[in-house]
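A short write-up of the structure that comes next.
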Amino acid sequence: MADDSSIIRPKNVLVIGGGSAGLVTLRNLVERGQFQRVELVERRDDVGGVWYQNEPLIASENGTLINKPSGRPPHTQPFPTLIETYEYLRNFAKPYLSGGLVRLNSEVLRVEELPLNKGWKIRIRDWSACETNEGIPLDSEEIWDAVVVCAGYYDKPNWPNTEGLDAVRKRGLALHSKWWNGPDGYEGKRAIVIGNANSSNDIATQLAPVARAPVYRSMRRPTPTWFPHLPDARVENVGPVARYILQPPREAVDGAVNEKVTVVLQNGTEIKDVDVVILGTGYCPHPEFVHVLPIEVDDANDVMGAKVSIPIQTPSPPQTPPRHPSSPSRAYSDHPKSPTSTAVSIMSYTNPVLPHTRRIPFLYQHILYSYNPSLAFIGTILAITPFIVSDVASTWLALAWSGQVGYPQEVEKRLQFDRERVKEVERLVEAENRRNSREGEEDRTRTGMGIDDGQKSNGMVLPEVDSQSSRADPSSFITYCFLGSGGDEGAQGGEAGYANTLRKDVVGARKDLDGVLPVWDAEMMKARWDMFPTKYEALEWARMHCV
């Protein structure tokens, strides 16, 4: 753990993750920082992160993450497709790939803080060595002055804490949208999709033509306007799930054993003979491979005795890839992993009292680890404009580590950012609980989320909302990691306020970047919200023309 008086000026920096956040971080460290050596490691065989897929997903999801129309004529899809986005990122990375600054097939197994500000020990597995080493990867260790973790928001699936779900997962009957590869294999299957954001809505749309009708979509609240999608008569909206029950196995005519699930809704309705549960329940930043020194280690003698680092978070349940309906042996994961476990961590990831404050703990500006600011994170927040937020955040980091942008040198002052954010989330959750308890507002969409009562359902018939459930489970968009759409400066001012705060620091140090970085002003906010009706119109056009 770094002491209060230390000023972090690393010479060598390692970036972990080759998605959009990692690539722009690499660019900004190389071109805007002052470092001797910067490299990026990516566990897969190419860059692109979530945009690098074996099979293209439906294009309707991609534009909401890029958040910028491509200037095409109105008779075409106005948002970049997955393939186009991947190609953009691949071209962006070309000079760094050719320059030897990116190592592919390199999986980080462990990041470990060293005592006395000696940097970070990184254990890396080289999967490319399998070709010349009888199929066995090679592990090695490296020491770096500083580390930026860019394994972003979409890397770790979030599994709801619903009764019976663990048993369903163990039987391979539950699938997270992270492993969704399209509707092939689900012909005639009875399916229920959990959630009503981008992934779940797209999956339900893809299932509707092939799966057994109706495809059920479980939703806790009406769909926000920033998740535009078309209604489909083959998709039936139902309320939230109370529990899952495994039905006794039944032998089919061909001798195969069929396993099915009964899904019990919170209003008591039972949906029987479900073949698959698909969860579009989002993601959460959770770098379980990062290990830090215990925070109670305060002096040199204690540090020398601290031989064992601990996870920055408690490891999540094992990420067991479900079986594919067409091939039980077909894997969804990139590489098999052996989950680790520990009883001790800096902060437990699961907070049973207030899950809305789940986060990577003790980050200053959602970037620097307060107890040792030579560890940084980019891409841990759920942003509506993620590409440009990562750009300004990583630029801020490059200048901070180069001594051009200042930040509090005392640990206690850096910790104040995290504490204030937690208090703000707690305040918002409590305000929503009070709001939900008012008579006649059980089905009301959460305020502050930018939902137009006249458009919030996208023409859908909405399920009944259980008021007791709503009080116990406020909107998943009231979370530590989702900043919202506010524009006041600071972390509590929403995404625009947060980004403008970082931008102000950057431009104060580097006037030349004033015309380079975007400004989160009224014009940008208007363009951002205008893209959602544009998206809906594009989907209507695509359906009409069978695109």
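Per UniProt numbering: the sequence shown = residues 1 to 547.
Cβ atoms here follow ideal geometry from the backbone N, Cα and C, with glycine treated the same way.
With DSSP collapsed to three states, give me the class of residue i.
| i | result |
| --- | --- |
| V148 | strand |
| S370 | coil |
| residue 550 | Nothing about residue 550 can be reported from this structure: the residues present for the chain run from 1 to 547 only. |
| V104 | Here residue 104 is Leu; the residue named in the question, Val, does not match the sequence. Coil at L104, not helix or strand. |
| L246 | strand |
| residue 551 | Here the chain has residues from 1 to 547 only, and residue 551 is not among them. |
| E540 | helix |
| N28 | helix |
| L138 | strand |
| N258 | strand |
| E251 | strand |
| Y283 | strand |
| A211 | coil |
| F482 | strand |
| L426 | The displayed chain sequence assigns Glu, not Leu, to residue 426. Here E426 sits in helix by DSSP. |
| T84 | First, the amino acid is wrong: residue 84 is Glu here, not Thr. In this structure, E84 counts as helix in the three-state DSSP scheme. |
| R421 | helix |
| L397 | helix |
| P157 | strand |
What separation, rounded to the nearest whole angstrom, lies between the Cα atoms of residue i and residue j?
| i | j | result |
| --- | --- | --- |
| E424 | W159 | 24 Å |
| L29 | W120 | 18 Å |
| S374 | D145 | 7 Å |
| G239 | Y52 | 34 Å |
| I16 | H291 | 14 Å |
| P386 | G282 | 15 Å |
| I122 | I381 | 24 Å |
| V308 | R169 | 33 Å |
| N372 | Y364 | 11 Å |
| F289 | E540 | 44 Å |
| R434 | L428 | 10 Å |
| A93 | G49 | 12 Å |
| A167 | R217 | 21 Å |
| Y186 | E163 | 25 Å |
| P80 | P533 | 16 Å |
| S98 | N91 | 11 Å |
| I8 | G508 | 20 Å |
| R220 | G195 | 8 Å |
| R44 | N267 | 44 Å |
| V193 | K118 | 48 Å |
| T357 | D521 | 28 Å |
| W529 | K156 | 28 Å |
| K272 | W179 | 24 Å |
| K68 | K260 | With a pLDDT of only 41 at K68, under the threshold of 50, the placement of this residue in the model should not be trusted, and no figure is reported. |
| Q416 | Q404 | 22 Å |
| T205 | M544 | 15 Å |
| M347 | P294 | Bear in mind that the predicted position of M347 carries a pLDDT of just 49, short of 50, making it too unreliable to give a figure here. |
Go to residue i, then tell me how far its alpha helix (DSSP H) extends in each direction, as first and last residue.
| i | result |
| --- | --- |
| N12 | Unbroken run through N12 is the beta strand (DSSP E), 12-16; no alpha helix (DSSP H). |
| A167 | 165-170 |
| V507 | 494-509 |
Assuming residue i is part of the beta strand (DSSP E), what are its boundary residues?
| i | result |
| --- | --- |
| N237 | 235-238 |
| R123 | 120-126 |
| S218 | 215-218 |
| R358 | Where R358 is concerned, there is no enclosing beta strand (DSSP E), given that its DSSP letter is neither H nor E. |
| V38 | 37-41 |
| I203 | Careful: I203 lies outside any beta strand (DSSP E), inside the alpha helix (DSSP H) at 198-207. |
| E270 | 270-274 |
| L175 | 174-176 |
| F377 | 375-377 |
| V405 | No beta strand (DSSP E) contains V405, which DSSP labels as neither H nor E. |
| H291 | 290-292 |
| I194 | 191-194 |
How many whole angstroms separate the CB atoms of residue i and residue j, which I take to be in contact at a CB cut-off of 8 Å?
| i | j | result |
| --- | --- | --- |
| I378 | I367 | 7 Å |
| P183 | L207 | 5 Å |
| A21 | S402 | So it is not a contact: roughly 19 Å between Cβ atoms. |
| G247 | T269 | The residue you asked about is not Gly; residue 247 is Gln in the sequence shown. About 16 Å; that fails the 8 Å criterion. |
| A151 | P361 | With 8 Å as the limit, A151 and P361 do not qualify as a contact, their Cβ atoms being about 16 Å apart. |
| V13 | V111 | At roughly 13 Å, the Cβ-Cβ gap does not stay under 8 Å, so V13 and V111 are not in contact. |
| A496 | M531 | Contact doesn't hold; Cβ gap of about 15 Å is too wide. |
| L483 | V392 | Going by Cβ atoms, the distance from L483 to V392 rounds to 13 Å, so no, they are not a contact pair. |
| I124 | E142 | 7 Å |
Is any heavy atom of the ligand MN found at a distance shorter than 6 Å from the C-beta of residue i?
| i | result |
| --- | --- |
| V102 | This structure does not include the ligand MN; it has no bound ligands of any sort. |
Within the 7 Å Cβ cut-off, does residue i reach chain C?
| i | result |
| --- | --- |
| L173 | The question asks about chain C, but that chain is absent: this structure has only one protein chain. |
query = Is the region 159-174 touching the region 271-279, taking contact as three or more C-beta pairs under 8 Å?
reply = Output reads yes: the region 271-279 touches the region 159-174.
key: Inter-stretch contact (C-beta, 8 Å, three-pair minimum) for the region 233-250 and the region 117-134   = The count of Cβ pairs closer than 8 Å, one atom from the region 233-250 and one from the region 117-134, stays below three, leaving the stretches out of contact.
inquiry  = Count Cβ pairs between the region 497-508 and the region 390-399 that sit closer than 8 Å; are there 3 or more?
reply    = yes
inquiry  = Under 8 Å: do the region 90-105 and the region 26-46 share three or more Cβ pairs, one atom per stretch?
reply    = yes
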